[in-house]
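Engineer: Residues 1469 to 1609 in the numbering used here are what the sequence shown lists, from first letter to last. Backbone N, C-alpha and C define an ideal beta-carbon position, used for all residues, glycine too.
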Amino acid sequence: MKFQYILASHGRFAEGIKESVELILGKQDNIQTICAYVGLTDEISTTIENMISSFSPDDNIIVISDIMTGSVNHAFMHFIKRDNIHLIAGLNLPLLIGLIIGEEVVTKKSEVKSFIINSLSQSKDNIRYCNAIYSDNKKIP
C-alpha cells in the first residue's frame, strides 16, 4: 500500500517542514509541497488537481494543511469526496514523522482512517507547555 503526502501552507512553511522531515528521516520522494501565494502561476485548485492526478488512483493521498480555517485547507475540501484523499488540518513535524514511520502497519484501505486518527492522537502529546510540566523545581531532563 503506497502513501503520498501533500503538505500545503500559506507561504513556505510546507517546504520547511519537508526539509526538517528529510533531515531526520532522509529523502522522502513521496512528499510534495504546495506553498500558496508564493510564486504559484496557476490557481491553487488547478495546482491541486494537477498534483493529485500525477499520483496513482491506488495511492492513499494524505494532505496536511497548515490551518483549518485557511483558504489553503478550504481549497482541498472539494477533493475529499474521493476515497483515496484524506485531509488533515494542523501541519506539524511530530504528526508527519508519525505518519511516515507508522504507515507500514497499514495493509488495507479500510485501515487508513483509523491509522490517521491514531497518528493525530499521538502527535498531540508533543504539544505541551513545558513550564507547567517542570514547575515546582522538578528536575529538568
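CB-CB under 7 Å to residue 1498, same chain, minus the five flanking residues each way: which ones, in chain order?
Structural biologist: Counting only Cβ-Cβ distances below 7 Å, and skipping sequence neighbours, we find 1471, 1472, 1473.
Engineer: State the DSSP-derived secondary structure class of residue 1501, mapped to helix, strand or coil.
Structural biologist: In the structure shown, residue 1501 sits in a strand (DSSP, three-state: E or B).
Engineer: Suppose the cutoff is 6 Å on Cβ atoms and the five residues either side in sequence are ignored; what does the same chain contact list for residue 1571 look like?
Structural biologist: The answer, listed in chain order, is 1471.
Engineer: In the DSSP assignment, find the alpha helix (DSSP H) that holds residue 1478 and state where it starts and stops.
Structural biologist: Taken as a continuous stretch (DSSP letters only), residue 1478 belongs to no alpha helix (DSSP H), being part of the beta strand (DSSP E) at 1471-1478.
Engineer: List the DSSP bridge partners of residue 1528.
Structural biologist: Answer by DSSP bridge pairing, in chain order: 1471.
Engineer: Kindly indicate which three-state DSSP category residue 1513 falls into: helix, strand or coil?
Structural biologist: Here residue 1513 sits in helix by DSSP.
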